[in-house]
Each structure stands twice: as C-alpha cells, then as structure tokens.
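Working notes, beginning with the structure itself.
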Amino acid sequence: MYNQNVNHLDELENKTIFLVREAYARFRNIALLWSMGKDSTALLWIARKAFFGKIPFPVIHIDTGYKFREIYDFRNTYSKKWGIDVIISKNSTALKNKFSSKDGKFNCCNALKTEALKITLKKYGFRALLLAIRRDEHGIRAKERYFSPRDIHFNWNYQDQPAELWDFYKIRAANNEHLRIHPMLHWTELSIWKYIRREKIPTVRLYFSRGEKRYRSIGCQCCCEPVFSSANTINKIIKELETTKDAERNGRAQDKENAYNMQRLRSLGYM
Amino acid sequence: MEKKTVHLVMIGHIDHGKSTLIGRLLLNTNSLPDGRLDEIKKISRENNKATELSFLVDQLKEERLQNRTIETTQINFKTERRNYVLIDVPGHAEFIKNMLTGASMADAAVLIIDAHQGIKEQTRRHAYLIKLLGIQKVMVVLNKMDLTHYKKERFETLKAELLEFFKKLGLTFSFIIPVSAKEDQNITCRSKRMRWYKGPAFLQALDRIKTVRETRKKPLRFCIQDVFRVNKENLAMGKVLSGNIRTGQDVTVMPSGKRTRVSFIKVFNRSKKSAQAGENIGIKLHDPSAIARGQIITGANNQLLPVYNFKASVFWICRKTLRLNKPFFLRFAAQEVKCTAERIEKRINSVTLKALKGSTGKLMKNEAAIVVFRTRGPLVIENFSFIEELGRFVIEHKNSLCGVGIVNDPKLKYNTRITKIFRK
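Protein chains in written order, with this note's numbering: chain E, 116 to 386; chain X, 980 to 1403.
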C-alpha cells in the first residue's frame, strides 16, 4: 500500500522480498527461474537480499541451446561469484533432433522451454517456481496472480483463478500441482532499470548499444531483434525509456505470430 | 526522488464503461506504445466491431468474444503530478472474487455509473465491497453523459440518489464528475458541453486525491513470517506492520507473552539500528527459543491479550455455505487457526443492503453478515480501523478462499486497556 516518505523503489523491493520469503516459508522445495535477463537478475538480487546474501534454493536456467554467447558467459561468471546452485534445464531429445524456430516459433518455445521445464520439475519434484514476469510486459501476463497454480500438465486455468486478497496468497498446492510465484509482477521496465542503477546490479552487455542498436529484451538469438538506440549506459537507457513509445517486447517474435499466441503459450505452461 | 504511485481501482456495473474509461485515460495521457491503437483497431475489425477501447485491458480471447471483463488487470499511466496503477475489475456478479482480488490492492476507488441507466446491482455491490475492504477514498464518475444530452437535471437527480445511497453505506465520495469517456468530455479538461458543471475534470480531480497512511505513528506490530538460520543464529524474518522497531528494544512475543530484547536488526548483509512500518527485515532476539511463523512482536508495554473469539464483518464468496459450528480456517497476517462461526447476525443482501429474513444460521455466496467466530487457538488481532494488517482476514476451506472479513469489535479496545492496567 502507498505510504508517503517511502521511496518508490524501496516499496517495490519490500513487496518482492515479502513474496519471496512467503514462497520459501510455505514451500521449502522451490526454485527460481533465471534467464540472465534484467528482470530475473533483479529478482535473483532481491532473493539474495531477502535471505541475507545466500539463496537457500536452486536456480534453474532453461537452456534452449540458442542463447547468446554473452548470456552463457554472464551465467558462468555470476553463478560462481554469488554462490548460486544452478540447474541447467534442457529438452535433450528435442535438441538431439535439431529442433529449432524453423519448426514454428510457437512449437519451438513450447518444446525447448515449457517441455524442458516439465522434465526438470519432474526430476527434482519442485512444488513452486519463482518467475520474474511483469504485468507491464504483456497484456496476458497482466492477468496473472502473484501465486498461481498449474496442474500436472502445466495448464493455467486463467478463467478460474483463485482469489488473492491483500497479502493472503494461495500457499498450498494440491497433489501434482505446482505454483508459479511472480514476485516482480508489480515492477515496470523503467523501475527495473532504476533499481539496477541504484543497486549496481550487473547486467548482460547486450542491453547496451554498441553503435546504433541495443536489445531491450533478450532470449534466444534467432527470435530477438535489437532496437535502434544509442543508449550505451544505464542512465541513457532510463532516459530513453522515459520517453519511448515503443513496446518493450517488440523485438520478441513469440509474442507476435498472432494476437493470442502468448495466451496459448502461457495456458500450456510457458513463462 | 520518484513520483508517488497511487493504485486506483475502477469499479461499477457491467457495461457502464469501466474498461472504456481506462482506454480513454491511456489515450489522453499518451500512455500507449506506438502501434497499440492500430493493433486494437485491427482486432476490433476482425471481431466485427467498432474500435473497442476496452480491448486494451480485456486481453483474453474469451473476454473479447464475450465482450466482458473476466479477470482483473493492472496498467500504468502517469500525469504531470504522479504515477498511477489502474486496476480494472470485472463488473459481472459471477466474477466477484476477481473484483475483490483487484480492489484489495487499491488505495482509492473510482465508481463508474452510466448516467443514463443510473444505479444498478453491481454499482451497489461494488460500493459495498469497497467500504468493506476499507477503501475510504472514492470518486464517482457519471459516464455516458452524451446519452442524456449532457443535461444538468440528470446529473443533479443522480447525485441526490447517490448521496443518499452513500450515506446509508457510511461512505463518502471526494468528487462526483459528469463525463463521456467515449466522446472525451470532462476527462482531461473541463467540458464545453457541460458549462453548468463547475468542478474539476476527471484527471484534475484524480491528482487531488490524497492517500496517506499513518501506520508509522501506531504502536509496534511485527509479524514473524519465517525463521531462518544465518551463521548458526535463528533470525525472525518478517514485516513491520506498524510503528517501528529498534536494536536494544524490549519486546513481547505474542501470543505467548514472552518478554525479550532485540539483539540486532539485519537487512541483506548489514545490521540496522531501526526499521519502520512497511520494511521486511530479519531480527535476532536475545532469547530466540520457540519463535515461529505467525507470532506477533509488540513493544514490551503495549501487550495485547490474545483472543479466542471476536466479531467481524464478513463477505462470503464461495458456493460452500458458512454454517454454525462447522470448521473453517482463518488467516490473519501469517497466523492460521481453525475456527467455527458461533453466531451469524444481521445477514444482508450485498446488492439491496436489506436485511435477509429467515435462518441466520448460515451465510451464502454474495451475502454479508456480522459473524462471531470462536477459534481453536489464540489469535493476536486488532480492529481494522486501528491496525489494518491485523484487522483483516480470509476464511478458507480445503485450500480455497471462501470469505473475507474485517474486524470491528469494541471488546478489543477494552482488551488493550485492561492489559495495561494489569501490567502496572
């Protein structure tokens, strides 16, 4: 709730700390999804703060095999530096068969991300996953709850979500169910960058312009397009975002194929 | 310094124009990304419709096909003065739980009424629920003034009706503004079609709403969310619900009443001298034995008596009926306890606000009542009007949320006073 005198970023951070701790308090068998993008890195950072420096659960990287070199380097550097227990999640069968975005972007995301996650979840038996999605990224993500149940097939029953009042979340999962927990739902692209600046959180180089283009949203090489921008520092990125009229995920192919692609992907368990 | 952010829930009867007003606000404040409007126009055409501004928030395929909001959503916009988070909620009775989900996050509410149709079923229910959730800042918008030819008479008649309705509810509104979201009248600047209206336009009025909470000036209440081991020491992790807490302070752990002292306060990898309402911290107690999730830490001289029964206003949202002496779960902050309803009084219909006759031994979906609960274990609670976070609760059955409640029990005040005298 709004409170005068409290810095806005502190307010956002406090809410996220509360959510991360609530998730861990209720589900000890939990993991955090880290894509090395700015949002999940900010979530990882806040989780470190929430647990006084050492995250008490593993972190999953869903590796499609098509990520940028810089992303892998970033993962290796900071997982070591921050003492993070990383689980690499892969759909090896699909990768062995050379599955790629040429098989259709929808099918590719579904096979290499959602299916890979299913395999990992089954192997480790996680009951809850922390994900850094935000409402302002996409209209379908804006319909999410902080604590959102998924059935054994990963289906999201978006037409009948549990009520979520005040700080009372769905803190029990039925058998075969797992919970998607979204502690960054209330952040915006701009507030994330302001937070990264304030906390001096390291970020992947790809976000910064090396001439005339930079990436605003990162993922697989084949499905990310850079945007025209000369912003090569955090300050310049913030300035750019304060005036831009372009949508953040304009460069992300999977959002676009048709109007309801994201809804279809997410109802099947996509992040 | 960041601009202040206000969470605003848009409530009202189905089809009175909530989503359209949101679309209008996003357009007028220049908050839409490039191409977004063209996208909406295209999808509207594909659905054989004129441009549907509501599609900006109604993103689910089912919502667009059925032409109604199903799920709550949030969207940002800003004025010169500050940032807003608009919370859109469904107006349909079927989706009350989604409406409550959205509304519980709001600092203020905008009640939208179709000027042509006037007060309807969900107008009343939403206003009632806003009152129940403790949202005191309310603005009324009379939309679709174009359909009433921008007539002053219609505005005055409705205003009189609303004043009476709000009085009955015990609620007040800060502004009542005639607008047409569709025709863009009285949204950003004063409408030339309604020169008889002397008040501010919608966005001007919005910027004047003040939402300040005085949680810091209240006595200390800290809720233990979890116990976490760091460097072989047990830390109580949790949130300061009200007041502030200091290193070295003498405190009481409730409900046991055990007295101890704060050894230090920890945030990330450093210690802190004090923390205030809203902060999530870790604290080391001098005697950390038997600390657990759900306990409430108070100042040493501000001890409350735990209760085993209390009175509250309850709104019931699930199909399973609340019956006397049948077990349910109560959640208060991080406290969880089994309970039964001992008495159900003043059962009312949440639409007509009229007393329901017949059996008072039960409470059904979409009904409200005053309920006296008896709990199996001790609870540390407050009146909602004093400390919100210990005065609001949910009722669950088999992991699903069945009802929401607000504590309003005169006995609680008395309780605190007795304790103080007793302590002396």
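Ideal placement from N, C-alpha and C gives every residue a C-beta, glycine not left out.
Do E/Tyr322 and E/Glu137 count as a contact pair if the criterion is CB distance below 8 angstroms? no
Best match in X/Lys1252, X/Met1118, X/Thr1300 for proximity to X/Ile1374 [C-alpha to C-alpha]: X/Thr1300
Reference E/Ser61; option with closest CA among E/Gly180, E/Lys217, E/Ala247: There is no way to answer for residue 61 of chain E, as the model of chain E reaches only from 116 to 386.
Straight-line gap, E/Leu147 to E/Pro173 (C-alpha atoms, nearest Å): 7 angstroms
Rounded straight-line distance, which links the Cα of X/Glu1315 to that of X/Gln1115: 28 angstroms
Between the alpha carbons of X/Ala1139 and X/Gly1097, how many angstroms are there, rounded? 12 angstroms
According to DSSP, residues forming a beta bridge with X/Asn1288: X/Arg1353
Any idea what DSSP makes of X/Ser1221, helix, strand or coil? strand
Under 8 angstroms, do X/Tyr1063 and X/Phe1056 count as touching if we go by C-beta distance? yes
Amino acids of chain E, ordered along the chain, whose beta-carbon sits closer than 8 angstroms to that of X/Thr1052: Ordered by position in chain E, the residues that pass the 8 angstroms Cβ test against X/Thr1052 are Arg250, Gly254, Ala257, Lys258.
Using alpha carbons as the reference points, say which of X/Ile1262, X/Arg1322, X/Ile990 lies closest to X/Asn1288. When only C-alpha atoms are compared, the closest one is X/Arg1322.
Interface residues of the region 151-171 of chain E facing chain X [CB-CB below 7 angstroms]: Answer in chain order: Lys164, Phe166, Phe167, Gly168.
Let me make sure I understand the geometry here. Which of X/Lys983, X/Lys1040, X/Leu1006 has the alpha-carbon closest to that of X/Ile1022? Relative to the Cα of X/Ile1022, the nearest Cα in the group X/Lys983, X/Lys1040, X/Leu1006 belongs to X/Lys1040.
Flag this pair as yes or no: are the beta carbons of X/Val1219 and X/Gly1257 separated by less than 8 angstroms? yes
Separation of X/Gly1384 from X/Leu1332, as counted between CA atoms: 17 angstroms
Can you pull out the residues from the region 273-286 of chain E whose beta carbon lies closer than 7 angstroms to at least one beta carbon of chain X? Tyr273, Gln274, Gln276, Pro277, Ala278, Glu279, Leu280, Trp281, Phe283
From the DSSP output, which residues share a beta bridge with E/Phe343? Answer is E/Lys328, bridged to E/Phe343.
Sorted by chain position, which residues of the same chain lie with C-beta nearer than 8 angstroms to E/Asn225's C-beta, five sequence neighbours on each side aside? So the list reads Leu380, Leu383, Tyr385, once near-sequence residues are dropped.
Counting Cβ pairs closer than 8 angstroms, one from the region 992-1004 of chain X and one from the region 1077-1092 of chain X, do we hit at least three? Look at the beta carbons and you see the region 992-1004 of chain X touching the region 1077-1092 of chain X: at least three pairs across the two are nearer than 8 angstroms.
Take X/Arg1133 and list the residues in its own chain whose beta-carbon comes closer than 7 angstroms to its own, dropping the five residues that flank it on each side. Ala1094, Thr1127
Do you know how far the Cα of X/Pro1012 is from the Cα of E/Arg320? 25 angstroms
Just to confirm my understanding: we take E/Phe269, look at its own chain, exclude 5 residues before and 5 after, and list those with CB closer than 7 angstroms. What are they? Thr229, Lys233, Leu383, Gly384
Inter-residue spacing [alpha-carbon to alpha-carbon] between X/Leu1264 and X/Lys1110: 39 angstroms
Cβ atoms of X/Arg1302 and X/Lys1341: under 8 angstroms apart, would you say? yes
Return the chain-ordered list of same chain residues with a C-beta closer than 6 angstroms to the C-beta of X/Phe1154, the five sequence neighbours on each side being excluded. Met1118, Ala1184
CB-CB length for E/Ala165 against E/Ile132, believed under 8 angstroms: 4 angstroms
Kindly indicate if chain E contains any beta-carbon less than 8 angstroms away from that of X/Asp1013. True, the Cβ-Cβ gap to chain E drops below 8 angstroms.
For X/Val1232, which residues in the same chain have their Cβ closer than 7 angstroms to its Cβ, ignoring the five residues on either side in sequence? Thr1239, Ile1270, Gln1274, Ile1276
Under the three-state reduction of DSSP, which class applies to X/Asp1205: helix, strand or coil? strand
Keeping to the same chain, check which residues put their C-beta closer than 8 angstroms to that of X/Pro1306; ignore five residues upstream and five downstream. Only Lys1317, Cys1318, Thr1319 meet the Cβ criterion.
In this structure, how does DSSP classify X/Ile993 when only helix, strand and coil are distinguished? coil
What alpha helix (DSSP H) runs, 4 residues minimum, are completely inside the region 1084-1124 of chain X? Qualifying alpha helix (DSSP H) stretches, in chain order: 1100-1111.
Amino acids of chain X, ordered along the chain, whose beta-carbon sits closer than 7 angstroms to that of E/His176: Result: empty, since nearest Cβ-Cβ is about 24 angstroms, beyond 7 angstroms.
Three Cβ pairs or more, each shorter than 8 angstroms: is that satisfied between the region 1078-1085 of chain X and the region 274-294 of chain E? yes
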